[in-house]
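One structure is given here, and the rest of the page talks about it.
Residue numbers (the numbering used here), protein chains in the order written: chain U, 3 to 246; chain B, 3 to 246.
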């Protein structure tokens, strides 16, 4: 048995997230279909995380096992020849048999893109959350600084989560302006369900003056989802990097 | 009666082109639906050109007539509030009653985007034609220089065209590299059906050595579609500007 690690990139617009669902096409199911076309059997593919419907990935990692060794380049070229255009295999490498795309990960980095302009633009808003009013980057960064460190992120997690341990360590969280866009970059050892989207929504709430950066400690302590801001829409969110 | 000129932008991926079709959703039909929602009547909207299925527009112009005067900003904000996200109204202005989006146009500028890389990228290939082999920009520009000027472009037009006059004047045609992309920019007083896509496909044929730049005069003289290169796919083509 050989364990292979795939690095893929996808435009999540058309998918119901990563994980196989009873209804709706997912990236995982399309990838498994493509592997089956390529090697004749249908290995289960294990992802580094679940991503929500409509979320994108510049770099998403997943592993699968196969009996026969095919050269790595065969998987890259072969899968790319059968995958739809909105999913691409960037890399394939053999890993140790105890490697696990999710559990071996030391952390992940996400980028949330806000298109901060009053001008409607179909090309910019496909991959971003458009906010017309001018955002206050300094205030957002005051809030982002409070997010850094080890905290119980229960209040920044959607209800319906199944994990019991909600403590995570955020090593980096900041916003920066990039022409018409404001990018929120966040790196952590792990993320709860909807965590980046809720942190982004809260950062916008802070910019709007609805929430004060100094409220952050209270929000953490409350563990109460309703104390944090809104959930930013999925189409602005990109999984940027998986750390092993 | 007031004649209004709209400037719109759209991602054409989901549309069967501009013009109303018996089957399939078009930009024109969606825009007319949105106007009807806004003003209660359904004016015909006349576009500056037909664009093909899957072609995009950074700037597309169209006019319609209405009885009651609404402030221009009402059309911009009102239409944007009901249009789908892949169509945006950028501007609205009242024009003279004899102004015509198509016949008053002095020319148009298109940009064709080639993603010239062996690396598959779902975000880059959505709005470009991916070509893996390295293209020869100098050779492409030799061909583009031949395209400039007044010529009979019948050979660079899809069969099935209905116009009889196939002479057009190209004032500008060149390619330039922009990171991973090669952009073909072309400005002319008018364009035949599929003309930019066939010129782009021929420029790639020239790069590949299948066609020599010096063949261009022969292709013009032949008037024969099959003498030119392939038709580049629609998703790389952008209407960039309409000149009045």
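Cβ coordinates follow ideal geometry from the N, Cα and C atoms, glycine included.
Query raised in the report: How many Å lie between residue 52 (chain B) and residue 187 (chain U) at the Cα?
Result: Within the second chain, numbered from 1, the residue matching residue 52 (chain B) stands at position 50. Within the first chain, numbered from 1, the residue matching residue 187 (chain U) stands at position 185. Going from the Cα of residue 52 (chain B) to the Cα of residue 187 (chain U) covers about 42 Å.
Requested in this report: Identify whether residue 193 (chain B) lies in helix, strand or coil by the three-state DSSP scheme.
Outcome: What you label residue 193 (chain B) is simply residue 191 of the second chain in a count that begins at 1. Coil at residue 193 (chain B), not helix or strand.
**Report entry** Distance between residue 57 (chain B) and residue 238 (chain B) (C-alpha atoms, nearest Å)
**Finding:** Translated into the one-based positions of the second chain, residue 238 (chain B) becomes position 236. Translated into the one-based positions of the second chain, residue 57 (chain B) becomes position 55. Using only the alpha carbons, I get a separation of about 7 Å.
**Report entry** Check whether residue 118 (chain U) and residue 180 (chain U) have beta carbons under 8 Å apart
**Finding:** Looking up residue 118 (chain U) in the first chain gives position 116. Looking up residue 180 (chain U) in the first chain gives position 178. No, Cβ-Cβ distance for residue 118 (chain U) and residue 180 (chain U) is not below 8 Å.
Report task. Could you tell me the distance, in whole angstroms, from the CA atom of residue 130 (chain U) to the CA atom of residue 124 (chain U)? Result -> Position 128 of the first chain, counted from the start, is the residue given in the question as residue 130 (chain U). Position 122 of the first chain, counted from the start, is the residue given in the question as residue 124 (chain U). For residue 130 (chain U) and residue 124 (chain U), the distance between alpha carbons rounds to 10 Å.
Query raised in the report: Among all the DSSP beta bridges, which residues are the ones paired with residue 129 (chain U)?
Result: Locating residue 129 (chain U) in the first chain gives position 127, where the first residue counts as 1. Paired residues: none, contrary to the question.
Report task. Within its chain, find whatever has a CB closer than 7 Å to the CB of residue 242 (chain B); leave out the 5 residues flanking it on each side and keep chain order. Result -> Here residue 242 (chain B) is taken as the residue at index 240 of the second chain, counted from 1. Hits under 7 Å: 60, 61, 111, 112 and 113.
Report task. Could you spell out the range, first to last residue, of the alpha helix (DSSP H) harbouring residue 178 (chain B)? Result -> Position 176 of the second chain, counted from the start, is the residue given in the question as residue 178 (chain B). Run containing residue 178 (chain B): none in the alpha helix (DSSP H); it sits in the beta strand (DSSP E), 169 to 180.
Query raised in the report: How big is the Cα-Cα spacing for residue 54 (chain B) and residue 29 (chain B)?
Result: Stepping through the second chain from its first residue, residue 54 (chain B) is reached at position 52. Stepping through the second chain from its first residue, residue 29 (chain B) is reached at position 27. About 11 Å.
Query raised in the report: Excluding sequence positions up to five away, which residues of its chain have a Cβ less than 7 Å from the Cβ of residue 68 (chain B)?
Result: Counting from one through the second chain, the residue named residue 68 (chain B) turns up at place 66. Contacts found: 4, 6, 41 and 45.
Query raised in the report: Would a C-beta distance cut-off of 8 Å place residue 185 (chain U) and residue 128 (chain U) closer than the cut-off?
Result: Within the first chain, residue 185 (chain U) is the residue found at index 183, counting from 1. Within the first chain, residue 128 (chain U) is the residue found at index 126, counting from 1. Cβ distance not < 8 Å, so residue 185 (chain U) and residue 128 (chain U) don't count as in contact.
Query raised in the report: Residues of chain U with a CB under 7 Å from the CB of residue 89 (chain B): which are they?
Result: As a first step, residue 89 (chain B) is located in the second chain; it is residue number 87 there, counting from the start. The contacting residues are 124.
Query raised in the report: Does the distance from the C-beta atom of residue 215 (chain B) to that of residue 141 (chain B) stay below 8 Å?
Result: Taking the first residue of the second chain as 1, we reach residue 215 (chain B) at position 213. Taking the first residue of the second chain as 1, we reach residue 141 (chain B) at position 139. Going by C-beta atoms, residue 215 (chain B) is nearer than 8 Å to residue 141 (chain B).
**Report entry** Stretch pair the stretch 218 to 234 of chain U + the stretch 194 to 209 of chain U: three plus CB contacts closer than 8 Å
**Finding:** yes
Query raised in the report: Taking Cβ-Cβ distances shorter than 8 Å, what residues in chain B pair up with residue 128 (chain U)?
Result: For this step, residue 128 (chain U) is matched to residue 126 along the first chain. By Cβ distance, chain B contributes 13, 87 and 88.
Requested in this report: Would you kindly work out how many angstroms separate the C-alpha atoms of residue 100 (chain B) and residue 107 (chain B), rounded to a whole number?
Outcome: The residue labelled residue 100 (chain B) in the question sits at position 98 within the second chain. The residue labelled residue 107 (chain B) in the question sits at position 105 within the second chain. The straight-line gap from Cα to Cα measures roughly 12 Å.
Requested in this report: Taking residue 17 (chain U) as the reference, give the member of U:198, U:88 and U:172 with the closest Cα.
Outcome: Translated into positions along the first chain, residue 17 (chain U) becomes position 15. Here the closest residue by C-alpha is U:88.
Report task. Go to residue 223 (chain B), then tell me how far its alpha helix (DSSP H) extends in each direction, as first and last residue. Result -> Taking the first residue of the second chain as position 1, residue 223 (chain B) is located at position 221. First-last of the alpha helix (DSSP H) with residue 223 (chain B): 218 to 224.
Query raised in the report: Does the count of Cβ pairs from the stretch 149 to 165 of chain B and the stretch 222 to 230 of chain B closer than 8 Å reach three?
Result: yes
Query raised in the report: In whole angstroms, what separates the C-alpha of residue 76 (chain U) from that of residue 14 (chain U)?
Result: Reading the first chain from its first residue, position 74 is the one you call residue 76 (chain U). Reading the first chain from its first residue, position 12 is the one you call residue 14 (chain U). So the alpha carbons of these two residues sit roughly 25 Å apart.
Query raised in the report: For residue 205 (chain U), which three-state DSSP category applies?
Result: Mapped onto the first chain, residue 205 (chain U) falls at position 203. Looking at residue 205 (chain U) - three-state DSSP - the assignment turns out to be helix.
Report task. Could you check the C-alpha separation between residue 177 (chain B) and residue 200 (chain B) for me, to the nearest Å? Result -> Position 175 of the second chain, counted from the start, is the residue given in the question as residue 177 (chain B). Position 198 of the second chain, counted from the start, is the residue given in the question as residue 200 (chain B). Taking the straight line joining both Cα atoms gives about 15 Å.
Query raised in the report: For residue 238 (chain B), is the beta carbon positioned less than 7 Å from some heavy atom of the ligand HEM?
Result: Only the bare structure without any ligand can be found here, which leaves the ligand HEM out of the picture.
Query raised in the report: So is residue 11 (chain B) buried or exposed if we call it buried at 16+ other beta carbons inside 10 Å?
Result: For the purposes of this step, residue 11 (chain B) is identified with residue 9 of the second chain, where counting begins at 1. Buried, by the Cβ-count rule.
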